[in-house]
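Engineer: Starting off with a structure, shown below.
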Amino acid sequence: MIDTRTTEMQELISPKLPHIFYGGDYNPEQWPKATWQEDVRLMQEAGVNVVSLGIFAWAWLEPRPGEYHFEWLDEIMDLLHAHGIMVDLATATASPPPWLAKLHPESLPVTADGVRLSPGSRQQYCPSNHAYREAAQALVKQLAERYRDHPALILWHIGNEYGCHIPDCYCDQSAAAFREWLQQRYGTIEALNDAWGTAFWSQRYGTWDEINPPRAAPTFINPTQQLDWRRFSSDALLECYEQERSILKEITPDVPVTTNFMGFFKPLDYWKWARREDVVSNDSYPDPSDPHSHVAQAMSYDLMRSLGGGKPWLLMEQVTSQVQWRPHNPLKRPGQMRLLSYQALARGANGIMFFQWRASQAGAEKFHGGMVPHVGTANSRVWDEVRKLGAELPRLDPLLAARVPADIAILLDWESWWAVEQDAKPSQDVRVLSQILSYYAPLFMRNITVDFVPPNADLHGYKVVLAPNLYMVRDDIAQTLEQFVSNGGTLVMSFFSGIVDERDHILLGGYPAPFRRVLGLRVEEFDPYVPGQTNHIRMSDGSTYTCDLWSDVIDLEGAEALAYWTDDFYAGRPAITRHAFGQGISYYLGTRPEQVCMEQILEQVCNEADVRPVLAVPPGVEVVRRENADRSFLFVLNHTTSAVEIGLNQTAHNLLTGEEHSERVTLQSRAVAVLESGR
Amino acid sequence: MIDTRTTEMQELISPKLPHIFYGGDYNPEQWPKATWQEDVRLMQEAGVNVVSLGIFAWAWLEPRPGEYHFEWLDEIMDLLHAHGIMVDLATATASPPPWLAKLHPESLPVTADGVRLSPGSRQQYCPSNHAYREAAQALVKQLAERYRDHPALILWHIGNEYGCHIPDCYCDQSAAAFREWLQQRYGTIEALNDAWGTAFWSQRYGTWDEINPPRAAPTFINPTQQLDWRRFSSDALLECYEQERSILKEITPDVPVTTNFMGFFKPLDYWKWARREDVVSNDSYPDPSDPHSHVAQAMSYDLMRSLGGGKPWLLMEQVTSQVQWRPHNPLKRPGQMRLLSYQALARGANGIMFFQWRASQAGAEKFHGGMVPHVGTANSRVWDEVRKLGAELPRLDPLLAARVPADIAILLDWESWWAVEQDAKPSQDVRVLSQILSYYAPLFMRNITVDFVPPNADLHGYKVVLAPNLYMVRDDIAQTLEQFVSNGGTLVMSFFSGIVDERDHILLGGYPAPFRRVLGLRVEEFDPYVPGQTNHIRMSDGSTYTCDLWSDVIDLEGAEALAYWTDDFYAGRPAITRHAFGQGISYYLGTRPEQVCMEQILEQVCNEADVRPVLAVPPGVEVVRRENADRSFLFVLNHTTSAVEIGLNQTAHNLLTGEEHSERVTLQSRAVAVLESGR
Amino acid sequence: MIDTRTTEMQELISPKLPHIFYGGDYNPEQWPKATWQEDVRLMQEAGVNVVSLGIFAWAWLEPRPGEYHFEWLDEIMDLLHAHGIMVDLATATASPPPWLAKLHPESLPVTADGVRLSPGSRQQYCPSNHAYREAAQALVKQLAERYRDHPALILWHIGNEYGCHIPDCYCDQSAAAFREWLQQRYGTIEALNDAWGTAFWSQRYGTWDEINPPRAAPTFINPTQQLDWRRFSSDALLECYEQERSILKEITPDVPVTTNFMGFFKPLDYWKWARREDVVSNDSYPDPSDPHSHVAQAMSYDLMRSLGGGKPWLLMEQVTSQVQWRPHNPLKRPGQMRLLSYQALARGANGIMFFQWRASQAGAEKFHGGMVPHVGTANSRVWDEVRKLGAELPRLDPLLAARVPADIAILLDWESWWAVEQDAKPSQDVRVLSQILSYYAPLFMRNITVDFVPPNADLHGYKVVLAPNLYMVRDDIAQTLEQFVSNGGTLVMSFFSGIVDERDHILLGGYPAPFRRVLGLRVEEFDPYVPGQTNHIRMSDGSTYTCDLWSDVIDLEGAEALAYWTDDFYAGRPAITRHAFGQGISYYLGTRPEQVCMEQILEQVCNEADVRPVLAVPPGVEVVRRENADRSFLFVLNHTTSAVEIGLNQTAHNLLTGEEHSERVTLQSRAVAVLESGR
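Residue numbers (this note's numbering), protein chains in the order written: chain A, 6 to 684; chain B, 6 to 684; chain C, 6 to 684.
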């Protein structure tokens with residue numbers, strides 16, 4: 006449970022700009038100076054108050070090794086400041102210039118197949134490479150010292166989308182760093198042999214230098230080696246980030262830092278990363294052709310809020326209309342960009358920014374939309390929407406200090422995610438995000454807000470904890486959950502949980518060994534399905550539902566059966582169970598039931614645990630509450646293509662229109678209301 | 006408009022053989038000498054008058070570096086000549102012998118992933134490799150000097166299917182050649198940085214030696230780098246060709262040269278290549294399992310004629326029955342080989358040749374059919390068809406000097422093709438050939454012949470110019486088209502045209518900037534569809550059609566709307582427009598309408614522009630006219646599986662049967678008539 | 006015809022254990038010693054009498070180069086012996102320890118693309134590598150000398166699943182070995198050039214050192230080079246096996262040796278391998294989600310029996326319930342493991358073993374089931390089934406000396422299999438196993454047992470020989486088959502047979518040249534279909550069937566037509582023929598008819614040749630006979646999910662239940678009866 010009573014100051018990204026952030030990536034180096042003047046004029050027209058500067062400017066700032074050119078950046082910083090626009094200044098290290106590859110070919114990343122990648126796109130560096138790291142840090146030092154006192158500087162933007170193309174590198178230097186990391190983790194080679202289970206397949210290592218990254222091999226690679234490689238690779242990039250951060254913190258201790266996340270990005274353990282950020286920021290590119298993409302987007306926004314421990318976060322990148330990197334790139338419909346922007350604010354963002362300010366004329370992203378599109382600002386739907394949103398946002402400044410309360414937490418452990426999606430499993434189709442979404446979507450549809458929590462979380466304050474697939478058990482999570490339920494909480498857990506320890510070794514003693522007590526059952530066998538295969542479950546009320554993916558064959562050990570298998574040799578045995586344990590209750594789902602069944606189960610869970618929707622509204626309408634000590638801000642977002650009517654249970658002030666609503670408010674398609682009231 | 010009034014001599018491939026060419030690739034080195042005697046006897050039986058010799062004979066001619074063996078070639082040249090068979094003599098450089106790879110491993114080509122390919126198949130050379138080029142040129146010099154005066158020599162066949170497997174090489178020597186090519190193109194590194202837009206993603210180059218081929222990289226590679234790589238790679242192979250050609254032209258200035266093209270072969274800019282050939286030749290392998298393959302084949306034949314500026318060309322390779330390189334290789338049905346051969350003659354060919362004379366007994370092409378099949382000549386359908394065609398062809402010698410007239414030209418620019426099909430685009434499904442075919446097929450079905458023209462073409466003489474997707478604008482094509490319409494021509498252009506300049510930089514000022522005046526409109530946004538998505542357009546007559554792939558959101562600026570969107574937020578805005586400009590008219594299609602709609606639009610275009618079908622015939626019958634100063638030759642080809650009756654509008658002499666037809670002629674399934682009449 | 010009258014002794018795998026073998030792979034090195042004690046206790050409980058030991062123990066036996074540790078193996082051997090359990094002792098060379106790769110990086114295998122694979126999984130060795138071979142042989146020598154007289158040693162298990170991941174290696178050392186192999190095969194480079202047909206595509210080799218493995222190349226690689234590479238690669242691994250075997254045979258001449266096969270494993274010519282084994286053993290992992298997998302499994306069991314010339318063989322590996330290496334791994338249903346085990350015994354096995362004894366706690370196979378599952382032995386369906394089978398098997402000891410008679414033989418030639426499935430063929434869909442199965446399945450359904458025979462087989466004693474696709478003709482098979490038919494046998498052959506010699510050169514003279522006489526026909530052309538295409542054939546009785554894949558266009562030369570094409574230009578020409586030749590009859594199928602037509606044809610063939618089903622039973626019931634000099638053992642296996650009733654034609658004693666059956670026996674779903682009677 007996140008404490009919603011904080012002071013306003015804590016919620017500001019920077020006291021220098023006590024407003025909702027609005028702006029985008031600004032790459033003036035792509036344009037002649039004449040355009041710069043037009044840019045600042047149009048920024049003012051659009052209500053832009055902050056831009057991200059220099060994200061890909063390394064080659065411009067240091068065109069030759071050690072030769073820095075900051076004049077143009079000085080000029081643009083001054084120009085922006087003169088027009089009242091603050092700067093989120095990049096460390097510019099996301100993509101090294103071609104000269105680095107020429108001077109240090111070993112800085113280029115290598116694939117698991119041994120292909121050394123080339124310059125020509127971006128991010129072509131090995132995270133463990135010394136030459137890259139030294140050059141990056143030297144640049145960061147220069148930047149920090151030059152702009153430490155610049156009045157436009159409001160935030161540091163370290164790197165950019167860490168790992169989005171190169172989450173790991175298999176070169177020899179990475180191998181050396183991996184070995185060092187392993188030595189720190191395990192101390193002795195014997196401990197590593199134990200942890201990796203090298204007694205199998207004759208993999209026993211005699212010395213550290215026999216160990217390599219999980220490069221292309223004849224068949225399935227040792228799973229713990231794969232897992233440690235994931236851990237190491239996330240840490241290697243985090244080390245790059247940390248090295249830059251410590252320079253900035255030394256020179257500009259008062260300037261907050263961030264790096265832009267990418268939602269549920271599997272390669273990086275964002276729980277570890279977020280602890281080292283002053284503000285969490287996120288890039289979000291939902292697919293406009295997917296009618297349900299706003300659900301997954303809401304989920305990633307809830308993650309961002311949770312990563313920061315409930316603090317406001319920044320939507321660092323979205324697109325005004327269309328991107329260029331999907332095979333097919335439809336545009337956002339009129340109103341859609343505004344609607345999705347308000348969704349971010351509803352779920353805790355204090356800023357809305359775009360990639361990028363002005364659509365490029367050249368390069369690989371020239372068909373990625375901008376706030377200023379190729380056709381210009383005259384008679385442009387895109388520009389109109391940008392301008393109107395910019396004009397509207399200041400009306401929301403009152404909610405800057407408001408937080409988003411939640412009674413339910415979803416357990417998300419990156420390491421378990423890595424482990425369960427490795428190869429050589431009972432089923433390759435147990436996918437963490439899809440399992441989480443199967444819980445999240447029914448709750449989203451009922452307008453029940455959830456937080457995400459890591460395995461070492463303090464669960465105090467939550468009524469319900471969901472553990473969709475907690476394959477790996479570590480960090481005392483078994484004890485934590487047992488205590489949580491024992492103290493009156495409700496736990497819902499799905500199949501293939503509690504299977505291995507942090508070394509990916511089976512927890513013997515009957516699946517799911519560490520949770521048998523709290524769940525009151527044993528899983529004797531699991532039976533994964535082939536694609537297209539289904540089974541059915543019959544609930545105690547006689548209703549029958551389809552399920553797919555997986556069957557657990559369950560023995561009850563205290564739990565009661567809520568549903569039974571109807572088919573196959575385990576017909577009549579329990580499929581879904583409920584167990585009163587201590588003061589609380591734990592549910593177990595031995596399969597993946599169809600959506601309508603998940604809705605029914607979660608409704609029962611919520612009712613029992615006294616978790617209530619924010620507001621009862623028609624289908625397709627999203628409602629989220631932000632609140633501070635004394636005020637409540639209700640966001641109502643109509644994702645449907647028709648008008649809807651919403652009944653209110655108290656009088657409210659619509660921040661966007663200034664209207665007062667007493668009983669009901671009507672929202673057109675893709676329209677939004679932000680209703681302020683007392684708590 | 007191609008001038009059809011030329012002298013007969015200009016139309017002959019060589020004055021030494023004033024007949025339709027008939028023959029095939031002949032590889033006597035695969036067979037014992039006993040077979041050679043049978044070969045020439047059977048060639049005479051089949052009416053063969055020319056063979057392509059030595060295509061893959063390098064290892065046979067030069068078994069060890071510098072050690073040439075021409076005795077066997079002397080013998081076979083003499084034997085052929087003694088039997089009245091002329092020789093299209095290959096330079097034999099298409100595939101170097103294994104010793105080259107052993108001596109010069111660096112001559113082997115390298116993929117974008119860094120894999121150095123091995124000998125064992127064919128074409129294993131890097132186009133920019135010096136060792137390969139020197140060895141090839143030395144061999145060509147030897148051949149030219151030895152056979153300069155041989156009476157059988159009628160044509161030089163340089164290389165073979167240039168680039169069919171290795172259109173580019175990513176090795177270090179290629180990288181060096183690429184850099185040299187870039188220096189010639191751009192002069193300074195600053196100019197290259199500007200052209201490539203390296204201000205984005207920190208790609209700015211400080212020195213030439215930092216530049217590499219577009220080798221495997223972390224993500225989308227700089228699009229101008231990719232484009233220049235395409236240009237360079239086409240030029241690198243053209244340089245190989247040129248070096249051989251200049252040797253031949255020096256030693257045998259009077260012997261014409263060719264190299265065999267492969268239809269719409271994307272990697273090579275055949276407009277540049279064809280200018281360096283005396284006669285255009287083509288290899289054509291339509292898929293017998295595709296009932297529409299003859300349409301695409303007609304299109305490639307029209308391209309061959311157009312590449313040579315209207316001059317007769319050679320069908321250098323086709324197969325008698327079945328090939329071996331598709332996953333499934335059905336055979337040509339009885340009559341199909343003859344029908345497709347006449348299609349080539351109808352569209353301007355003066356020769357019909359096969360790969361190969363005798364089906365191989367061994368090797369990777371042994372299941373590729375030959376004129377002499379494995380089963381031999383007795384009771385062989387294949388051999389019967391070969392023999393009968395050979396007996397029939399001399400009756401067509403009267404049309405040797407006849408050309409194919411056309412009122413319509415389709416704009417085809419290889420560089421725009423390369424650019425529009427690169428990655429990071431609004432839609433990956435805008436494919437040039439498919440767009441061209443959507444125009445070509447309706448015209449083909451109405452028996453309206455078209456030429457192809459390059460972007461720097463003289464459009465004088467054409468009534469209609471079609472520009473299916475002219476994404477890239479260069480070579481003054483914008484002015485050329487504006488003038489063409491202004492002077493009374495009709496232009497039809499499709500969506501995603503006029504988007505970039507030759508550097509792949511967006512032409513700002515509202516899409517499609519350089520064509521807005523002639524089209525009378527502006528495209529505010531484009532909305533690519535995902536697969537399966539459609540929209541509909543309503544024509545002014547109320548008829549409604551489905552369209553897919555793409556929607557333009559159009560503002561009219563002088564044009565009138567011919568059709569409107571019915572769905573989505575731009576419903577009611579124009580989808581297809583017509584603009585009277587100067588003396589002419591321009592049409593614009595902001596989407597891909599279904600075939601029947603294309604037919605209706607193109608019918609309207611043709612009627613307005615007074616472009617008439619050659620003859621009105623039943624569906625499935627193809628009619629093409631060749632004509633010289635005073636005679637007209639009407640080819641009527643029945644592609645259906647039933648007999649059809651054709652009404653004639655004048656009396657004609659059937660060259661194949663000798664009959665005179667006054668009112669009508671009946672054609673059996675897959676039958677052909679060639680009807681001669683006065684003009 | 007396999008002689009079923011042998012002495013009992015010959016049929017025993019080892020006289021030391023005159024029982025059905027029962028056990029599994031045992032990997033004690035993965036577990037603490039405390040578990041060892043529990044293991045032997047549980048083995049006794051389960052009726053285990055033999056285990057395979059040390060399969061992946063190399064790194065444990067020789068943790069550092071040359072430093073051997075046998076103490077633990079001594080201990081476990083003694084422990085097993087003390088509990089009456091015999092040992093199939095592995096040479097432990099299937100997977101070298103990581104130190105080998107560190108010491109000898111060149112021992113790692115290389116792919117055709119040049120990727121050198123890494124340690125981290127298993128089998129990471131180049132078969133031709135000297136360092137690997139020397140280290141392996143040194144270890145084998147140590148093992149053999151240490152355990153030569155150990156009373157538990159009953160069988161040597163050389164390597165493990167040879168080639169399952171690395172069937173070939175493309176490194177330079179392999180290239181050298183390949184050249185040596187080629188020199189031995191061809192003697193002179195001229196002979197190699199002839200055999201490979203290098204006159205095509207300029208591939209002529211001047212010296213041996215120009216030759217390479219078929220590494221990645223621009224296009225189709227020389228087919229004879231590919232074929233010789235297959236031959237060489239099978240031989241290279243066989244040489245590894247042979248080198249170990251000769252050491253064992255020298256030191257322990259009386260201990261039989263085996264290596265575990267993998268059914269129809271294409272890369273290794275098991276005919277050559279089996280000649281060097283004392284007992285054939287097999288690993289079998291049918292997919293439980295495939296309702297027909299028991300048919301293909303029966304086929305592979307018949308192959309195992311045939312590889313050993315009819316001698317009993319060992320089912321070395323199967324799984325108790327589920328594996329982990331498929332994308333989805335459903336479990337075996339109750340009774341299914343038992344049923345499939347009896348299927349092996351029915352088809353000639355004298356032992357049933359599992360991978361592995363105890364399911365691993367770590368590593369890539371931890372989700373591969375074991376005899377002792379993760380949940381333990383209490384309340385475990387899997388353990389119950391294991392225990393019950395172990396208790397039951399000794400009742401079958403009477404059939405140890407019984408063999409499986411068969412009247413029909415299917416020709417299987419690995420070299421032809423390799424050749425016909427290479428690229429550049431008329432159709433890529435002519436797949437040997439699918440063609441064999443199309444013959445095998447109808448016979449299986451009628452309970453007619455077949456043997457497999459190699460191309461150099463003695464066909465004496467068989468009534469019918471089936472040659473589904475004998476593309477390549479070698480080893481006098483043409484004469485052999487002609488003589489077989491001439492002497493009264495029946496031959497059934499399918500299309501695309503008799504096409505090439507052992508060099509993959511076309512056998513000229515009209516397809517299928519060497520079989521035209523015996524078949525009484527000529528194939529003028531073949532017409533492969535594209536996917537989805539069909540044709541129809543009409544039988545002499547007027548019935549019509551669908552066929553797909555392929556049409557031969559056939560001229561009769563003595564044969565009579567049994568069926569005619571109904572469609573396409575060859576409608577009315579023969580599709581299936583029958584030819585009386587000498588005392589016998591040959592059938593030819595010029596297409597792939599639908600299953601019901603295959604059943605009809607094979608029924609006619611069997612009736613004519615007097616081949617009768619073992620017993621008439623309801624569909625889904627499998628019946629196989631084993632017999633010795635005076636007793637017959639009828640296995641009846643119910644693969645359906647319902648009970649069935651079987652009529653018997655003589656009184657029989659059910660070995661499993663002890664019951665006597667006179668007229669009929671009822672079998673529940675997945676139940677088995679083994680009925681003993683006099684012959």
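No residue lacks a Cβ here, since even glycine has one placed at the ideal position from N, Cα and C.
Tell me the residue span of the beta strand (DSSP E) that contains A/L94.
Structural biologist: First-last of the beta strand (DSSP E) with A/L94: 91–95.
Engineer: Rounded to whole angstroms, what is the Cα-Cα separation between A/L401 and A/A411?
Structural biologist: Spanning the two alpha carbons is a distance of roughly 21 Å.
Engineer: Determine the direct distance from the alpha carbon of B/W41 to that of B/I81, and round the result to whole angstroms.
Structural biologist: Rounded to the nearest angstrom, the two C-alpha atoms are 8 Å apart.
Engineer: Mind checking if C/T382 is an interface residue toward chain A, Cβ cutoff 9 Å exclusive?
Structural biologist: Chain A contact via Cβ: absent.
Engineer: Count the CB pairs spanning the stretch 572–583 of chain C and the stretch 594–604 of chain C that are closer than 8 Å, and state whether there are at least three.
Structural biologist: They touch, by the three-pair rule.
Engineer: Within a Cβ cutoff of 8 Å, which residues of the same chain sit near B/I4, ignoring the five residues on either side of it in sequence?
Structural biologist: Any answer about residue 4 of chain B is impossible in this case: the structure gives chain B only from 6 up to 684.
Engineer: Taking its Cβ as the centre, do 16 or more other Cβ atoms sit within 10 Å of B/G192, making it buried, or is it exposed?
Structural biologist: Answer is exposed; the Cβ neighbour count stays below 16.
Engineer: Thinking C-beta only, is B/V409 closer than 9 Å to B/R338?
Structural biologist: Their beta carbons are not under 9 Å apart, which means B/R338 does not touch B/V409 by this criterion.
Engineer: When burial is assigned at 16 or more other CB atoms within 10 Å of the CB, is C/R527 buried or exposed?
Structural biologist: The residue in question, C/R527, is buried, as its Cβ has 16 or more Cβ neighbours within 10 Å.
Engineer: Leaving out five residues on either side along the sequence, give the residues of the same chain with a beta carbon under 6 Å from the beta carbon of C/V719.
Structural biologist: Lying outside 6 to 684, the shown extent of chain C, residue 719 of chain C is not represented and no answer is given.
Engineer: Under 9 Å, Cβ to Cβ, is there at least one residue of chain A near C/Q538?
Structural biologist: C/Q538 does not count as touching chain A.
Engineer: Would C/A414 be called buried (16 or more neighbouring beta carbons within 10 Å of its own) or exposed?
Structural biologist: Flag for C/A414 reads buried.
Engineer: Determine the extent of the beta strand (DSSP E) in which B/W186 is found, giving its start and end residues.
Structural biologist: Segment 177–191 is the alpha helix (DSSP H) holding B/W186; no beta strand (DSSP E) there.
Engineer: Excluding the five sequence neighbours on either side, which residues of its own chain have a C-beta within less than 6 Å of the C-beta of C/N165, listed in chain order?
Structural biologist: So the list reads I60, A99, once near-sequence residues are dropped.
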